[in-house]
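According to UniProt numbering, the residues represented by the sequence shown are 1 to 226, in order.
Heads up, the beta-carbon is just placed ideally off N, CA and C, and yes, glycines get one too.
Notes to accompany the following structure.
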Amino acid sequence: MGLVSVFGNDVDTYYDRLLAGESGISLIDRFDTSNLPTRIGGQIRGFQTHDLIDGKVDLGLDDCQRYCIVAGKKALEDAALGVNERSKIDKERAGVLIGSGMGGVRVFSDAVESLIEGGYEKISPSFTPYYITNMGSALLAIDLGCMGPSYSISAACATSNFCIYAAANHIREGDADLMIAGGVEASCIPVGFGGFAACNALSKRNNDPQTASRPWDKDRDGNRHG
1 MGLVSVFGND VDTYYDRLLA GESGISLIDR FDTSNLPTRI GGQIRGFQTH DLIDGKVDLG
61 LDDCQRYCIV AGKKALEDAA LGVNERSKID KERAGVLIGS GMGGVRVFSD AVESLIEGGY
121 EKISPSFTPY YITNMGSALL AIDLGCMGPS YSISAACATS NFCIYAAANH IREGDADLMI
181 AGGVEASCIP VGFGGFAACN ALSKRNNDPQ TASRPWDKDR DGNRHG
C-alpha cells in the first residue's frame, strides 16, 4: 500500500491515527476561505515528492498527478518492489488503474482564469494533458514502464472501489499479473470548495472541525471536502 493523506504520507501513520479515532478535518489555511461558508476540510500538509518525481516532469503537474505518482511508487516499495527490485516486474504484464473524480482541477481553474484575463495565449500548454482524470494513472504507467492495462475510472465517491475491483478483474481474467490500483483527488482549492458550497453540501461547523463529520447524527449539516 502507498498513500498521501491528511493523516500523513505513510501507511503506518495513517493506520495508527485511524485506530486512535482521530479526524483529519481541520481549518483550511492553504487559501483564503473568508468568503466561503465552510472553512474546514481535509487539507494535506507536509507533502514532498522526495525525488520520486523527475524535476522536469514535476514542473507543470497538478497535485492530483503528484499524489498519484508518489503514492503509487510507495505502494511498490511496500510490496518489496522498490527501485532496486523493479527488474523483477514483467512490465508487459503490469498495469495501472488509478481513478479520479475531478482530475487536475487546479490546472483547469488556472486555465479558466488565464483565459478570462488574457485570452487563450495565456493558457499553459500543460493545461490539456494535466486536467484530464486519467493522467495520473498514465504518468505513473509511463514512469514505471508498465505496458499492461492502464486507464482511469471516474465514479465520484466510489471511484477507488471501482478501480480496485476492475484491477482485480484484470488479474483474474489473465490480462495482468500486477496492477497498481486506487484513487486520487486534489481539490483542496477555492473552486473545489466553492462548487460544493454552492449546492449547500458542506458542513458549516467551522468551530468544531474534529467532530463536524457526523453522517448519522440528526443534526448533521453536510459533508467535508478535501
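Rounded C-alpha distance that separates residue i from residue j
i           : j      : result
Lys73       : Gly2   : 7 angstroms
residue 253 : Glu185 : Residue coverage of the chain in this structure runs from 1 to 226, which leaves residue 253 outside it and unanswerable.
Arg106      : Tyr131 : 8 angstroms
Gly183      : Ala75  : 13 angstroms
Asp208      : Ala158 : 27 angstroms
Ile89       : Thr33  : 46 angstroms
Asn169      : Val6   : 30 angstroms
residue 232 : Asn35  : With the chain covering only 1 through 226, there is no way to say anything about residue 232.
Ala176      : Gly103 : 25 angstroms
Phe127      : Arg66  : 15 angstroms
Met135      : Leu61  : 10 angstroms
Tyr14       : Gly24  : 10 angstroms
Gly145      : Leu139 : 10 angstroms
DSSP bridge partner residues for residue i (one or two, in chain order)
i      : result
Val96  : Ser150 and Ile180
Ser203 : DSSP lists no partner for Ser203.
Ser5   : Gly8
Gly101 : Gly101 pairs with nothing; no bridge assigned.
Ile40  : Leu27
Nearest to residue i (by Cα), restricted to the options the options
i      : options                          : result
Arg93  : Met179, Cys199 and Gly194        : Met179
Ile28  : Ser137, His50, Cys188 and Phe127 : Cys188
Ile153 : Leu52, Phe127, Glu77 and Ala167  : Ala167
Residue i (DSSP reduced to helix, strand or coil)
i           : result
Ser26       : strand
Asn169      : helix
Leu139      : helix
residue 233 : Residue 233 is absent from the structure shown; the chain starts at 1 and stops at 226.
Local Cβ density within 10 Å of residue i, reported as buried at 16 or more and exposed below that
i      : result
Cys199 : exposed
Ala141 : buried
His225 : buried
Tyr120 : exposed
Ser87  : exposed
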